[in-house]
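Participant: Using numbering that gives the first Met the number 0, you'd call the opening residue of the sequence shown number 0 and step up by one each time.
Yeah, the Cβ is synthetic: ideal placement off N, Cα and C, and Gly gets one too.
Because the structure is a prediction, the values reported are computed rather than measured.
Can you read through this structure? Questions will come right after.
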Amino acid sequence: MSLRKFVSPEIIFGNGARNLAGKYGHQFSAEKALVVTDKNLLKTGWVDDVLRTLHEQNIKYTLFSDVTPNPRAFEVMHGADLYLSEGCNVIYAVGGGSPMDCAKGIGIVSSNQKNILNFEGIDKIINPVPPLIFIPTTAGSSADVSQFCIINDIMEKVKISIVSKAIVPDVALIDPETTLTMSPYLTACTGMDALVHAIEAFVSTGSGPLTDLYALNAIELLSENLIDLIHDPDNPSLREKIMLASMQAGLAFSNAILGTVHAMAHSLGGFLDLPHGECNALLLEHVIDYNFDSVPDRYSIIANRMGSSINNASSSEIKEKLLNRIRSIKSGVGISSSLIKRGVKPEDLKQLASKAEKDACMLTNPKPATAEDLENIFGKAL
Ligand SMILES: [Fe+2]
Numbered sequence: 000m001s002l003r004k005f006v007s008p009e010i011i012f013g014n015g016a017r018n019l020a021g022k023y024g025h026q027f028s029a030e031k032a033l034v035v036t037d038k039n040l041l042k043t044g045w046v047d048d049v050l051r052t053l054h055e056q057n058i059k060y061t062l063f064s065d066v067t068p069n070p071r072a073f074e075v076m077h078g079a080d081l082y083l084s085e086g087c088n089v090i091y092a093v094g095g096g097s098p099m100d101c102a103k104g105i106g107i108v109s110s111n112q113k114n115i116l117n118f119e120g121i122d123k124i125i126n127p128v129p130p131l132i133f134i135p136t137t138a139g140s141s142a143d144v145s146q147f148c149i150i151n152d153i154m155e156k157v158k159i160s161i162v163s164k165a166i167v168p169d170v171a172l173i174d175p176e177t178t179l180t181m182s183p184y185l186t187a188c189t190g191m192d193a194l195v196h197a198i199e200a201f202v203s204t205g206s207g208p209l210t211d212l213y214a215l216n217a218i219e220l221l222s223e224n225l226i227d228l229i230h231d232p233d234n235p236s237l238r239e240k241i242m243l244a245s246m247q248a249g250l251a252f253s254n255a256i257l258g259t260v261h262a263m264a265h266s267l268g269g270f271l272d273l274p275h276g277e278c279n280a281l282l283l284e285h286v287i288d289y290n291f292d293s294v295p296d297r298y299s300i301i302a303n304r305m306g307s308s309i310n311n312a313s314s315s316e317i318k319e320k321l322l323n324r325i326r327s328i329k330s331g332v333g334i335s336s337s338l339i340k341r342g343v344k345p346e347d348l349k350q351l352a353s354k355a356e357k358d359a360c361m362l363t364n365p366k367p368a369t370a371e372d373l374e375n376i377f378g379k380a381l
């Protein structure tokens, strides 16, 4: 077996985990915290819960909520300026993937003193970042457990991937209750993101026994429960199962890395500023169709864990069953769009493919893909 490593934050999982935010800050000798969130989260009450625990521990704080979906490089730079000018020594993030990725970016810039876009790629961070304490409020991005940070370069209209164990948060307070305020469509998109994380991690060239267990458990939990959750969004047990699946998928992909779906979704999301999970959902079946013959045994295991009967089925039958299962979950959670409906034009595909080819996630896809291959896959997803 090839060498494998596994990194993870200290994780507290369960309802009420958010209430430990102040206690953990105290452990890191927090005197003043930068709390990164977004405007919508401020309305939910989850940020107030976290701030109350900081107050109880006599930790001062500054709020930074100028974060948009698909966080921009300039937002990271503004946040880093604030972190330094306010004399902060710990960073909290309360929110979904966007505030969490922005918070990681702020941590990188505040201790490395360069524009965030300089850190694109793998292991480019020199100086350690401040303590990161994350409270995720969506079940999908898993930035709270991962070594990924995705930032939108609006000049180049592409999302860049920063990958380093330096940005694995120190503490993830994973509280399923905080996902109760997600809309059904956000629940669907983030849930599909988690499913893609688990599938890409399981077929990645970086997969192995340290990550397979998490990937397969996540695939099973999401297949069995995501559609039910969309129809019963206030069900705490379903919220907990999907949050657990998201965490497992996050631990799997953070360590096994991803593949072509994410490379293409980063290109697409940067080009049109679309929700990340929706991009993944629109691309997944087409990438599996392309990849399947490179690792048919791995995809067969996935099909089986997603509930498809594969006994005595040929490889092409298993592929069709898996694709149908993916399509039924996608439509079952209410994602029915297409790239054309979302504004992609046939003449955009070459540029989208060229940007996807350069994404770090391509390195671990199980099948090599040229820009022309990626253009063809984009074409099928139109
Ligand atoms: Fe993702």
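Relative to the C-alpha of Ala-79, which candidate in Trp-45, Gly-120, Ala-32 has its C-alpha closest?
Facilitator: By one-based count along the sequence shown, residue 79 stands at place 80. If we check each option's Cα against that of Ala-79, Ala-32 comes out closest.
Participant: Is the CB-CB distance between Met-191 and Gly-276 below 7 angstroms?
Facilitator: The residue you call residue 191 lines up with position 192 of the sequence shown. The residue you call residue 276 lines up with position 277 of the sequence shown. Going by C-beta atoms, Met-191 is nearer than 7 angstroms to Gly-276.
Participant: Could you name the residues that DSSP lists as bridge partners for Cys-87?
Facilitator: To locate residue 87, count along the sequence shown from 1; it is residue 88. The partner list for Cys-87 (beta bridge, DSSP) is empty, contrary to what the question assumes.
Participant: Pull up the distance between the alpha-carbon of Ile-226 and that of Pro-232, whole angstroms please.
Facilitator: Working through the sequence shown from its first residue, we reach residue 226 at position 227. Working through the sequence shown from its first residue, we reach residue 232 at position 233. Approximately 10 angstroms, taken between the alpha carbons.
Participant: For a test of your reading of the model: does the CB of Asp-192 fall under 6 angstroms from any non-hydrogen atom of ligand 1? Yes or no.
Facilitator: Numbered from its first residue, the sequence shown carries residue 192 at position 193. Answer for Asp-192: yes, Cβ within range of ligand 1.
Participant: Relative to the C-alpha of Phe-377, which residue among Leu-185, Ala-359, Glu-346 is closest?
Facilitator: Counting from 1 along the sequence shown, the entry for residue 377 is found at position 378. Considering only alpha carbons, the answer is Glu-346.
Participant: Mapping the DSSP letters down to three states, classify Leu-381 as helix, strand or coil.
Facilitator: Translated into the one-based positions of the sequence shown, residue 381 becomes position 382. Coil at Leu-381, not helix or strand.
Participant: What separation, rounded to the nearest whole angstrom, lies between the Cα atoms of Ile-149 and Met-0?
Facilitator: Taking the sequence shown and counting its residues from 1, the one referred to as residue 149 is at position 150. Taking the sequence shown and counting its residues from 1, the one referred to as residue 0 is at position 1. Roughly 30 angstroms between the two C-alpha positions.
Participant: Measuring straight from C-alpha to C-alpha, what distance separates Ile-173 and Asn-39?
Facilitator: Here residue 173 is taken as the residue at index 174 of the sequence shown, counted from 1. Here residue 39 is taken as the residue at index 40 of the sequence shown, counted from 1. So the two alpha carbons sit approximately 19 angstroms from each other.
Participant: DSSP has Lys-31 in a bridge; who is on the other side?
Facilitator: Position 32 of the sequence shown, counted from the first residue, corresponds to residue 31. Paired residue(s): Lys-59.
Participant: Identify which residue in Thr-43, Val-75, Ser-109, Thr-178 has its Cα closest to the Cα of Asn-151.
Facilitator: Sequence index remark: in the sequence shown, residue 151 carries index 152 (1-based). Measuring from the Cα of Asn-151, the nearest candidate turns out to be Val-75.
Participant: Can you find at least 3 beta carbon pairs, one from the stretch 317–337 and one from the stretch 238–246, that sit closer than 8 angstroms?
Facilitator: no
Participant: Alpha carbon to alpha carbon, what distance is there between Tyr-91 and Thr-52?
Facilitator: Position 53 of the sequence shown, counted from the start, is the residue given in the question as residue 52. Position 92 of the sequence shown, counted from the start, is the residue given in the question as residue 91. Rounded to the nearest angstrom, the two C-alpha atoms are 12 angstroms apart.
Participant: Between which two residues does the alpha helix (DSSP H) holding Val-294 run?
Facilitator: The residue you call residue 294 lines up with position 295 of the sequence shown. The continuous stretches of alpha helix (DSSP H) do not include Val-294, and DSSP gives it neither H nor E.
Participant: Measure the C-alpha to C-alpha separation of Lys-103 and Ala-138 and round it to an integer number of angstroms.
Facilitator: Mapped onto the sequence shown, residue 103 falls at position 104. Mapped onto the sequence shown, residue 138 falls at position 139. Using only the alpha carbons, I get a separation of about 18 angstroms.
Participant: Counting Cβ pairs closer than 8 angstroms, one from the stretch 8–17 and one from the stretch 97–113, do we hit at least three?
Facilitator: no
Participant: Would you mind working out which of Gly-94, Leu-50, Glu-55 sits nearest Asn-69, comparing C-alpha positions?
Facilitator: Reading the sequence shown from its first residue, position 70 is the one you call residue 69. If we check each option's Cα against that of Asn-69, Gly-94 comes out closest.
Participant: Does Asp-292 pass the burial test, meaning 16 or more other C-beta atoms within 10 Å, or should it be called exposed?
Facilitator: For this step, residue 292 is matched to residue 293 along the sequence shown. Classification of Asp-292: exposed, given that the 10 Å Cβ count is below 16.
Participant: According to the neighbour-count rule (16 or more other Cβ atoms, all chains shown, within 10 Å of its Cβ), is Thr-189 buried or exposed?
Facilitator: Taking the sequence shown and counting its residues from 1, the one referred to as residue 189 is at position 190. Looking at its Cβ environment, which holds 16 or more other Cβ atoms inside 10 Å, Thr-189 is buried.
Participant: Nearest to Gly-339 by CA position, among Glu-30, Ile-132, Leu-282, is which residue?
Facilitator: Mapped onto the sequence shown, residue 339 falls at position 340. Residue 339 is actually Ile in this sequence, not Gly. Among Glu-30, Ile-132, Leu-282, the Cα nearest to that of Ile-339 is on Leu-282.
Participant: Which one or two residues does DSSP pair with Pro-135 in a beta bridge?
Facilitator: Start at 1 with the first residue of the sequence shown, and residue 135 comes out as number 136. Pro-135 pairs with Gly-94.
Participant: Output needed for Gly-120: all residues of its chain with C-beta closer than 8 angstroms, excluding positions within five of it in sequence on either side, in chain order.
Facilitator: For the purposes of this step, residue 120 is identified with residue 121 of the sequence shown, where counting begins at 1. Once the five neighbours on either side are set aside, the close Cβ partners of Gly-120 are Ser-160, Ile-161, Val-162, Ala-359.
Participant: Label Thr-186 either buried or exposed according to how many other C-beta atoms from any shown protein chain fall within 10 Å of its C-beta, with 16 as the threshold for buried.
Facilitator: For the purposes of this step, residue 186 is taken as residue 187 along the sequence shown, with counting starting at 1. Per the 10 Å Cβ criterion, buried.
Participant: What does the alpha-carbon distance come out to for the pair Gln-350 and Lys-357?
Facilitator: The sequence position of residue 350 within the sequence shown is 351, counting from 1. The sequence position of residue 357 within the sequence shown is 358, counting from 1. In a straight line, the C-alpha of Gln-350 is about 11 angstroms away from that of Lys-357.
Participant: Which whole-angstrom value is the C-beta distance of Val-195 and Pro-8, which I expect to be below 8 angstroms?
Facilitator: Residue 195 sits at position 196 when you count from the first residue of the sequence shown. Residue 8 sits at position 9 when you count from the first residue of the sequence shown. Not really, about 22 angstroms apart at Cβ, beyond 8 angstroms.
Participant: Would you kindly report the start and end of the unbroken alpha helix (DSSP H) that includes Ala-255?
Facilitator: Stepping through the sequence shown from its first residue, residue 255 is reached at position 256. 235–255 is the extent of the alpha helix (DSSP H) around Ala-255.
Participant: Short of 7 angstroms in beta carbon distance, which residues of its chain neighbour Asn-224, apart from the five on each side in sequence? Order them along the chain.
Facilitator: Counting from one through the sequence shown, the residue named residue 224 turns up at place 225. Excluding the 5 residues flanking it on each side, Asn-224 has same chain C-beta neighbours closer than 7 angstroms at Leu-237, Lys-240, Ile-241, in chain order.
Participant: Just to confirm the assignment, what range does the alpha helix (DSSP H) spanning Ala-171 have?
Facilitator: On the sequence shown, position 172 is the one that residue 171 refers to. Per DSSP, Ala-171 belongs to no alpha helix (DSSP H); it is in the beta strand (DSSP E), 170–173.
Participant: Tell me which residues share the same chain as Ser-266 and place their Cβ nearer than 7 angstroms to its Cβ, disregarding the 5 neighbours each side in the sequence.
Facilitator: Here residue 266 corresponds to residue number 267 of the sequence shown, with the count starting at 1. Excluding positions up to five away in sequence, the list reads Val-157, Leu-351, Lys-354, Ala-355, Asp-358.
Participant: Rounded to whole angstroms, what's the CA-CA distance from Phe-118 to Pro-295? Just pull it up for me.
Facilitator: Stepping through the sequence shown from its first residue, residue 118 is reached at position 119. Stepping through the sequence shown from its first residue, residue 295 is reached at position 296. In a straight line, the C-alpha of Phe-118 is about 35 angstroms away from that of Pro-295.
Participant: Taking DSSP as the reference, what is the three-state secondary structure of Arg-326?
Facilitator: Along the sequence shown, one-based indexing puts residue 326 at 327. Helix at Arg-326.
Participant: Tell me whether Thr-369 is buried or exposed, calling it buried when 16 or more other Cβ atoms sit within 10 Å of its Cβ.
Facilitator: Position 370 of the sequence shown, counted from the start, is the residue given in the question as residue 369. Looking at its Cβ environment, which holds fewer than 16 other Cβ atoms inside 10 Å, Thr-369 is exposed.
Participant: At the level of alpha carbons, what is the spacing between Pro-274 and Gly-268?
Facilitator: Looking up residue 274 in the sequence shown gives position 275. Looking up residue 268 in the sequence shown gives position 269. Their Cα atoms are separated by approximately 7 angstroms.
Participant: Express the C-alpha separation of Asn-111 and Ile-198 in angstroms, rounding to a whole number.
Facilitator: Taking the first residue of the sequence shown as 1, we reach residue 198 at position 199. Taking the first residue of the sequence shown as 1, we reach residue 111 at position 112. Cα to Cα, the separation comes out at about 34 angstroms.
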